[in-house]
Amino acid sequence: MTSDKFFLSRWTPELLSILRITTAFTFLQHGSAKLLKFPHVAMFDNLQYFSIYGLAGVLELVGGILLLIGLFSRSVAFVLSGMMAVAYFMAHSTPFFSPMLNGGEAAYLFCFVFLFIAAAGPGPWSVDAARAPARSASLATA
110 MTSDKFFLSR WTPELLSILR ITTAFTFLQH GSAKLLKFPH VAMFDNLQYF
160 SIYGLAGVLE LVGGILLLIG LFSRSVAFVL SGMMAVAYFM AHSTPFFSPM
210 LNGGEAAYLF CFVFLFIAAA GPGPWSVDAA RAPARSASLA TA
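The numbering used here numbers the first residue of the sequence shown as 110 and each following residue consecutively.
The following block contains the structure:
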């Protein structure tokens, strides 16, 4: 898939971690704005916590933190990918299907980046990667 001659090929695992970390940091800010009012976004001033936006805020904040540290990364990324697909079709699919025309670029990109992370894994800089040797050792002794 990647050529060994390309100068970034040797950094692919680390770049996967950087993609996960930067995406999660950006994503959790949406949940933080909704639930913690930081950073302040005026449209969330009267957010009802027991609404679909409140639920989205919880998933964005908790899922973003878990993805940021790389804990349960594949499962969390899969759930968040589905959430962003639903968000895109609920909030952005009309009147135009094109993400550029309907303001859904962020939802569209988050959806597919999370789907990629669910398939590719969190990369080496993650709690999941740190737990992997201990987990396989405990399975071998069982």
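Every residue, glycine too, gets a C-beta built ideally from N, C-alpha and C.
Asked                                                                                        : Found
Whether Gly191 touches Gly166 by CB criterion (9 Å)                                          : no
Reference Ala239, options Ser126, Val171, Thr121 and Phe205, closest by Cα                   : Ser126
Status (buried if at least 16 other CB within 10 Å, exposed otherwise) for Leu248            : Per-residue confidence for Leu248 stands at a pLDDT of 47, beneath the threshold of 50, marking its modelled position as unreliable; the derived number appears in the next sentence. It is exposed - the Cβ of Leu248 has fewer than 16 other Cβ atoms within 10 Å.
Best match in Gly172, Val171, His201 and Leu164 for proximity to Gly213 [C-alpha to C-alpha] : His201
Gln157: first and last residue of the uninterrupted alpha helix (DSSP H) it sits in          : Where Gln157 is concerned, there is no enclosing alpha helix (DSSP H), given that its DSSP letter is neither H nor E.
Own chain, CB closer than 6 Å to Val101, minus 5 neighbours either side, in chain order      : Here the chain comprises residues numbered 110 to 251, so residue 101 is not present and cannot be evaluated.
C-alpha distance - Ala151 paired with Phe187, whole-angstrom precision                       : 30 Å
Straight-line Cα distance separating Asp113 from Tyr197                                      : 37 Å
From Arg129, Phe116 and Leu117, residue whose alpha carbon lies closest to that of Ala228    : Arg129
DSSP three-state assignment for Trp120, whether helix, strand or coil                        : helix
Environment of Ile226 [buried if 16+ CB atoms lie within 10 Å]                               : buried
Span separating the alpha-carbon of Pro233 from that of Ala142                               : 29 Å
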